[in-house]
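The structure appears below as structure tokens.
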Ligand SMILES: O=C(O)CCC(=O)C(=O)O
Ligand SMILES: [Fe+2]
């Protein structure tokens, strides 16, 4: 079934994973990876050197089967195929773990590049997407995720020649801000140009999300370390492109 909300608001309805039996194992793995990252940061700090380790939370869909299997969940496969088509790959996964003391993630969109060195075409809704899976409940006080309705499409008076990340909610779209709340095992897809953020952790149990960047087969990566082809304010804010092809996995 085609998801109307994906088209009108930029984000789909929440769906449930068909198989939630591996979620506890997935959470344990992520908590362990997060602890490893912390350890690496501490060691580097104590030694007075830069932490040069590869971020242990990135691209674990490649080698950890409980993470990889999320993409092949029957319901994820159906929602992807019915709304985004049958020629998708994932190129990056990351986990957002929020607990006591974790801060916010500013407003941003996930459209990191377009196709090779082409400039970013912010309102093209055909090739770049995000899959967001809640490995735990993500309620209103647990560092909730918010989005700005309809920002995958042009909004009169809202200039999108702005940096990819920003702090203040622009006045003109203030009334479009909406929360995205999740029960454990729910997932959404959204157009990568949709503006979203997550708040600092408030109270309660910690929460974990997995964010996956998806693109259409045939989409090329810009050269690593090249000047950002986005143009305008985005190129100024992020002058260098640092996205690699190393996480690529066909999903359907
Ligand atoms: O889960 C979060 O806190 C942020 C998620 C996000 O930014 C994303 O899915 O791209
Ligand atoms: Fe994001």
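Residue numbers (this note's numbering): 5 to 256. Here a beta-carbon is modelled for each residue, glycine too, at the ideal position from N, C-alpha and C. Model, not experiment: these values are computed from the prediction.
- Message: To the nearest angstrom, how far is the alpha carbon of residue 41 from that of residue 153?
- Response: 34 Å
- Message: Please give me, in chain order, every unbroken run of the beta strand (DSSP E) with length at least 3 that falls completely inside the region 98 to 148.
- Response: 109 to 112 and 132 to 138
- Task: Check whether the Cβ of residue 209 sits closer than 7 Å to any heavy atom of ligand 1, and report yes or no.
- Result: no
- Task: Output the boundary residues of the beta strand (DSSP E) element that contains residue 220.
- Result: 211 to 220
- Under 8 Å between the Cβ atoms of residue 103 and residue 73? no
- Item | Cβ distance (whole Å) where residue 147 is taken to contact residue 205 below 8 Å | 4 Å
- Message: According to DSSP, is residue 21 part of a helix, a strand, or is it coil?
- Response: coil
- Message: Assuming residue 61 and residue 218 are in contact, meaning their beta carbons sit under 8 Å apart, how far apart are those beta carbons, in whole angstroms?
- Response: About 18 Å separates the two Cβ atoms, so there is no contact after all.
- Closer than 7 Å: residue 136 CB and nearest ligand 1 heavy atom: yes
- Ends of the beta strand (DSSP E) at residue 201? 200 to 202
- Indicate, with yes or no, if ligand 1 has a heavy atom lying under 7 Å from the CB of residue 147. yes
- Touch check for the region 118 to 129 and the region 229 to 238: three-plus C-beta pairs under 8 Å? yes
- Task: Kindly indicate which residue of 238, 203, 5 and 221 has the alpha-carbon position closest to the one of residue 108.
- Result: 203
- Report the option in 11, 39, 43 and 196 whose CA atom is closest to the CA atom of residue 124. 196
- Message: Applying the 10 Å Cβ sphere with the 16-neighbour rule, what's the burial state of residue 8?
- Response: exposed
- Could you say which of 220, 29, 45 and 200 lies nearest to residue 69 if we only look at CA atoms? 29
- Opening and closing residue of the beta strand (DSSP E) in which residue 192 lies: 190 to 195
- Given a threshold of 16 other Cβ atoms within 10 Å of its Cβ, counted over all protein chains shown, does residue 13 qualify as buried or as exposed? buried
- Which of helix, strand or coil does DSSP assign to residue 34? helix
- Query: Since residue 85 is in the alpha helix (DSSP H), which residue starts that stretch and which ends it?
  - Reply: 78 to 88
- Item | Cβ separation of residue 142 and residue 211, assumed to be a contact under 8 Å, to the nearest whole Å | 5 Å
- Message: Using C-beta distances below 6 Å, list every residue in its chain close to residue 177, excluding the 5 sequence neighbours before and after it, in chain order.
- Response: 152 and 162
- Starting from the C-beta of residue 244, find all residues in its chain whose C-beta is less than 8 Å away, skip the five residues before and the five after it, and write them out in chain order. 229, 230, 231 and 232
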